[in-house]
Each structure stands twice: as structure tokens, then as C-alpha cells.
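Some notes on the structure that comes next.
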Amino acid sequence: MAYEIKIEKTKSPKQKPDQANLGFGKYFTDHMFIMDYTEGQGWHDPRIVPYGPLELDPSTMIFHYGQAVFEGLKAYKAKDGRILLFRPDKNMERINISNDRLCIPPIDVDFGVQAVKTLVSLDRDWIPTAPGTSLYIRPFIIATDPYLGVRPSSTYKFIIILSPSGAYYESGINPVKIYVENYYARAVKGGTGYAKTPGNYAASLKAQDIAHEKGYAQVLWLDGVEKKYIEEVGSMNVFFKIGDEVVTPSLDGSILAGITRDSVIQLLKSWDVKVSERKISIQELYDAHAKGTLVEAFGTGTAAVISPVGELNWNDKAITINDGKIGDLSHKLYDTITGIQNGVIEDTLGWTVEVK
Ligand SMILES: *Cc1c(COP(=O)(O)O)cnc(C)c1O
């Protein structure tokens, strides 16, 4: 698919936000990428236009039945000035996995990466440079038929927006307290758990609210059928170090296949650390804790990279992991992945892609 991306530059560039107070997802750059899909014609008219509101009919299908998918990745400014993306091809492969589940037509993976590169290159002055900051990239696809019947749309928009974002950890990496959710489910096998689709996040808010009220940062999701097996932490994949072995739930249809998760598994293997993808029950974790063999726990995702877990609370039984401090392996993984992303550690695995 060789398309030309038409570029219409803004005539009124915005003032850039203060790098010290970026937070997450609050500011947007000067431009956005849009491409349309029409049945019979395929994806067409890729263009970059000034960032601004979309005009959509109130009957547009996305507003009613949630037929949509999204992705999340980041661009980093290296010390030497290079702009680096981390495994962007994986995000575009994954959006097609989500597309398939949501009956949305696939996009061309290489073209998707090219669209990201073209937009980031144009808005390169928006990439923050303070330590830990990055330019968050949000590609998404929405169903756009003006129609209230339930069926797949025949038209779509693929859009990419960019948001300069602050450091996830502003005062050092602090392990988080996690509430094990025993009633609500995030996903079930056969559902949409493996797709990055808005409904999954809407459905997770209730449990998240309850966890917050109880003073916990995130929810640990158990499997939707037996409420026995570990699935994910908030919107992160999760790993545990039990004795000398690192374990993470296997991808069985209800878990999102994180790119950070895959990177962690590859790194651990390259360090000769034993890592297994398998079913892990919450009881197994509590038993390991009682025996003193549950030594580390951490979530993985693009936003935090590595998020250590310092406490779990299941059925009002709280356990503390590694004295509530970040573990050695979590720390090494964090330093290695962020080092590769920021171009300070040699990228022997070929994960970074430069934006010219
Ligand atoms: C995006 C996401 C992740 C993490 O994926 P990364 O590719 O590592 O950012 C994990 N779980 C859920 C539910 C997600 O939406």
C-alpha cells in the first residue's frame, strides 16, 4: 500500500505546555493524522491536518455501540537528539488483532508505522526532553456510519493524536498497593479481553473506583469464571518472582498481549532467568508468600514500563511483597528497557526505530 500522506500545516501553532507539569494525556500537539475507510474503496485519503474537533452526526455508530480500537506507544528524544520509537510495528500488528475482533477492516502495518513517523516528525518540537518524559502516541479507529442498527459499520476513521507526557515516576519508583477484585470481571475467554477496545476500559471503572475508595492504586483482575487465576493489574500485564522463577499469566484470550510483557520475557531469557507463561492462582501467590518465596511482583505497560507491587489485598488479607520496596530484578528491567528507549543502552535486540 503506497499512499501519499497529504500535509496541511497549522497556521496558528499552539503555545507548548510547561515541561514540569505535563501530567498524562492533557495536552495535544499541533497536528493529527486521519485516514478514512469506505466499503468497496478501502482505506483512503491519508492526511495530516491541524489538531482540532471532529464533526460527527449524533447517530454515528461509535457513540452507541463502541465499535472502536486503540493503541498506545511513545516517542523519546535521545540525548544525542535522535527521536526513537519502541517496537512500533508491534502496535500496528496488535491494532489489526483488535480490528479483527471488532469487525473493523485491517490497516497496512508498514503504512501505520509510516503514518506515526510522519506525524511525529512534523510535531517533533513537542517531544519533551526532561528525564522520564515522552511524547505519547494514540492511534485509534472509530466506526463512523450514521446508523442506529447493530452491525459492523461500513465506514471508519483511523486517527493518530500526540500528547506530550510527564515522567510516570516523578519522585522515584514507588511500589503500588493492589486490591484483588473478587466480584467484577474485566474479561472472559471468548470476550474482548485480548483486544484494545474502549468497552473493556469502561467496564473496568467500577472496580477501579472501589479499589480507590479502599486506598488501593489498582485492581488485580482474576479470571472471570472461577475467580481463581491471575489475569492483569489495572491495564498492565503482571509478573511475579517466586523463588528463582519469574511467572506471568499465559495469553489465553482474556489477557492483552502487552509489548512491554513480550520485551520483559525476551530480556529475562537473554539473562538466563527462568521465565514461565502459565496459569497462576491467587492462592499460589499467598502460599508462596507464607513460605517466603514470593520475592517480587510488578506490572508492565507502556505508561509505567515497570510498576512494582508492594502490597496485595485479597479478601481482606493483605500481604507485603519485598518489604514494599522495588526488587532488584524489577529495577534492572526498568533501567534496561528505559535505557534502550532513550538510546542510552545499546539496542542489541533491534527494538528502536528512528524517526528522521
Ligand atoms: C495496553 C495494555 C497493556 C500493556 O500493553 P503494552 O503494549 O505493554 O503497553 C496491558 N493490559 C491492558 C489491558 C492494556 O490495555
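Positions in the sequence shown are counted from 1; adding 125 to them yields my numbering.
Note that beta-carbon positions come from the ideal geometry of N, C-alpha and C, so glycine has one too.
Everything numeric in this text was worked out from a predicted model, so none of it was measured.
Please look up how many angstroms separate the CB atoms of residue i and residue j, rounded, as I've assumed it's under 8 angstroms.
i: Tyr-459; j: Ile-303; result: Not confirmed; about 18 angstroms, so no contact.
i: Val-350; j: Gln-333; result: So it is not a contact: roughly 21 angstroms between Cβ atoms.
i: Leu-273; j: His-189; result: 6 angstroms
i: Gln-466; j: Phe-211; result: 5 angstroms
i: Pro-171; j: Ala-240; result: 6 angstroms
i: Val-420; j: Gly-452; result: 6 angstroms
i: Ile-482; j: Phe-158; result: No statement about residue 482 is possible, as the shown extent of the chain runs from 126 to 481 and does not include it.
i: Thr-425; j: Gly-383; result: 6 angstroms
i: Tyr-341; j: Asn-447; result: That pair is no contact at about 18 angstroms.
i: Thr-427; j: Leu-147; result: With a Cβ gap of about 16 angstroms, Thr-427 and Leu-147 do not count as contacting.
Does the beta carbon of residue i fall short of 6 angstroms from some heavy atom of ligand 1?
i: Lys-331; result: no
i: Asn-440; result: no
i: Met-217; result: no
i: Asn-362; result: yes
i: Thr-427; result: yes
i: Thr-385; result: yes
i: Glu-402; result: no
i: Glu-356; result: no
i: Leu-210; result: no
i: Leu-110; result: An answer regarding residue 110 cannot be provided, because it is not within the stretch 126 to 481 covered by the chain.
i: Lys-321; result: yes
Hey, quick one: how far does the beta strand (DSSP E) through residue i stretch, first residue to last?
i: Phe-423; result: 419–426
i: Tyr-162; result: 156–163
i: Val-400; result: 399–402
i: Pro-483; result: No statement about residue 483 is possible, as the shown extent of the chain runs from 126 to 481 and does not include it.
i: Phe-195; result: 193–195
i: Ala-429; result: Per DSSP, Ala-429 belongs to no beta strand (DSSP E) and is neither H nor E.
i: Phe-265; result: 259–268
i: Thr-373; result: 370–373
i: Val-313; result: It is not in any beta strand (DSSP E) - Val-313 carries neither H nor E in the DSSP assignment.
i: Val-469; result: Unbroken run through Val-469: none, as it is neither H nor E.
i: Trp-346; result: 343–347
Look up residue i in the DSSP assignment and say whether it is helix, strand or coil.
i: Leu-330; result: helix
i: Ile-407; result: helix
i: Lys-394; result: helix
i: Tyr-354; result: strand
i: Glu-338; result: helix
i: Ile-298; result: coil
i: Val-480; result: strand
i: Gly-443; result: First, the amino acid is wrong: residue 443 is Ala here, not Gly. Strand.
i: Pro-142; result: coil
i: Gly-435; result: strand
i: Asp-170; result: strand
i: Lys-204; result: coil
i: Thr-385; result: helix
i: Lys-131; result: strand
i: Lys-366; result: strand
i: Lys-199; result: strand
i: Pro-230; result: coil
i: Pro-277; result: coil
i: Pro-323; result: helix
Could you tell me the boundaries of the alpha helix (DSSP H) in which residue i lies?
i: Pro-213; result: 213–226
i: Lys-242; result: 234–247
i: Ser-455; result: 453–466
i: Ile-187; result: 187–190
Check: Is there contact here, the stretch 221–231 with the stretch 242–249, by at least three beta-carbon pairs under 8 angstroms?
Finding: no
Check: Counting pairs of Cβ atoms below 8 angstroms between the stretch 430–439 and the stretch 393–401, do you hit three or more?
Finding: no
Note to self: Is it the case that the stretch 257–264 contacts the stretch 285–300, given that we only count it when at least three CB pairs across the two stretches are under 8 angstroms?
What the structure shows: yes
Check: If you pair each beta-carbon of the stretch 154–174 with each one of the stretch 130–144, do three or more pairs fall below 8 angstroms?
Finding: yes
Notebook entry, point to check: Do the stretch 206–218 and the stretch 306–320 make contact, defined as three or more Cβ pairs closer than 8 angstroms?
Noted result: no
Note to self: Three Cβ pairs or more, each shorter than 8 angstroms: is that satisfied between the stretch 192–207 and the stretch 437–453?
What the structure shows: no
Note to self: I want to know whether the stretch 158–165 touches the stretch 270–284 - three or more CB-CB distances under 8 angstroms.
What the structure shows: yes
Notebook entry, point to check: If you pair each beta-carbon of the stretch 325–342 with each one of the stretch 460–470, do three or more pairs fall below 8 angstroms?
Noted result: no
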